[in-house]
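Residue numbers (the working numbering), protein chains in the order written: chain E, 1325 to 1438; chain U, 28 to 145.
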């Protein structure tokens, strides 16, 4: 089944404790991205990747890192999480990122930083 | 920068009735894509319908249809014969048609929470 998976689905952590949220897709998509969803703000893009080793900042990249060492994986790294990073995170992928592509979303990761 | 506005934070509809969710957007471009996504309580983001700006014909997917008014920059979603399973948060989103990494992001509105009453 074609899908985007994220792990963990739920995470409660404390300020400053490094964490990684994994994202994997099995559709051989080149384009992947991360969004965060906050009440009253909709979804906002954090980082995106056009292909292996090609990543760039989205609209709200502060406090996050990403890597793209393999085509299928695009982990989101929070090296020193803070409470303002408490949010719902979505990974998304599409074949090439082109305008005509449909983006497929993962199931979301609910992160709470205490 | 493009912006997407959903002016109805919450809407409700009776089962089997029709409801329309509003979305307006701001752009200086002539070609772009518009989307409606559904987010049920499971939080999964599900694509409902998409519209390409250069196509004048309104998109339709079963009970879901849009009213795309390009000059007014309006993109409303009509749900006919509403069902209990339609209850969800609905997001309107915009994407540029220009190629290039930063152009591929979706710009979302804040969402409209739809309640379906039995």
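A virtual CB, placed ideally from N, CA and C, is assigned to each residue, including glycine.
Closer than 8 angstroms at the beta carbon, the chain U residues around residue i
{"i": "residue 1369 of chain E", "result": "132 and 133"}
{"i": "residue 1426 of chain E", "result": "74 and 77"}
{"i": "residue 1398 of chain E", "result": "Result: empty, since nearest Cβ-Cβ is about 14 angstroms, beyond 8 angstroms."}
Neighbour flag for residue i against chain E, beta carbons, 8 angstroms
{"i": "residue 71 of chain U", "result": "yes"}
{"i": "residue 126 of chain U", "result": "yes"}
{"i": "residue 137 of chain U", "result": "yes"}
{"i": "residue 55 of chain U", "result": "no"}
Backbone CA spacing between residue i and residue j [nearest angstrom]
{"i": "residue 1405 of chain E", "j": "residue 1412 of chain E", "result": "14 angstroms"}
{"i": "residue 1350 of chain E", "j": "residue 127 of chain U", "result": "23 angstroms"}
{"i": "residue 94 of chain U", "j": "residue 1371 of chain E", "result": "32 angstroms"}
{"i": "residue 59 of chain U", "j": "residue 119 of chain U", "result": "13 angstroms"}
{"i": "residue 37 of chain U", "j": "residue 1401 of chain E", "result": "34 angstroms"}
{"i": "residue 1377 of chain E", "j": "residue 1433 of chain E", "result": "24 angstroms"}
{"i": "residue 101 of chain U", "j": "residue 83 of chain U", "result": "13 angstroms"}
{"i": "residue 1403 of chain E", "j": "residue 1391 of chain E", "result": "13 angstroms"}
CB contact check: residue i to chain U, cutoff 8 angstroms
{"i": "residue 1431 of chain E", "result": "yes"}
{"i": "residue 1334 of chain E", "result": "no"}
{"i": "residue 1372 of chain E", "result": "yes"}
{"i": "residue 1435 of chain E", "result": "no"}
{"i": "residue 1387 of chain E", "result": "no"}
Neighbouring residues, chain E, relative to residue i (Cβ below 8 angstroms)
{"i": "residue 118 of chain U", "result": "1366 and 1367"}
Proximal residues of chain E, C-beta to C-beta of residue i below 7 angstroms
{"i": "residue 103 of chain U", "result": "Correct list: empty, because the minimum Cβ distance to chain E is about 17 angstroms."}
Whole-Å CB distance - residue i paired with residue j, under 8 angstroms assumed
{"i": "residue 91 of chain U", "j": "residue 73 of chain U", "result": "So it is not a contact: roughly 11 angstroms between Cβ atoms."}
{"i": "residue 129 of chain U", "j": "residue 49 of chain U", "result": "With a Cβ gap of about 28 angstroms, residue 129 of chain U and residue 49 of chain U do not count as contacting."}
Within chain U, partners of residue i - CB distance below 9 angstroms
{"i": "residue 1357 of chain E", "result": "131, 132 and 133"}
{"i": "residue 1343 of chain E", "result": "Within 9 angstroms Cβ-Cβ: nothing; residue 1343 of chain E doesn't reach chain U, min ~19 angstroms."}
DSSP bridge partner residues for residue i (one or two, in chain order)
{"i": "residue 1327 of chain E", "result": "Partner(s): none; residue 1327 of chain E has no beta bridge."}
{"i": "residue 1437 of chain E", "result": "E:1337"}
{"i": "residue 1375 of chain E", "result": "E:1378"}
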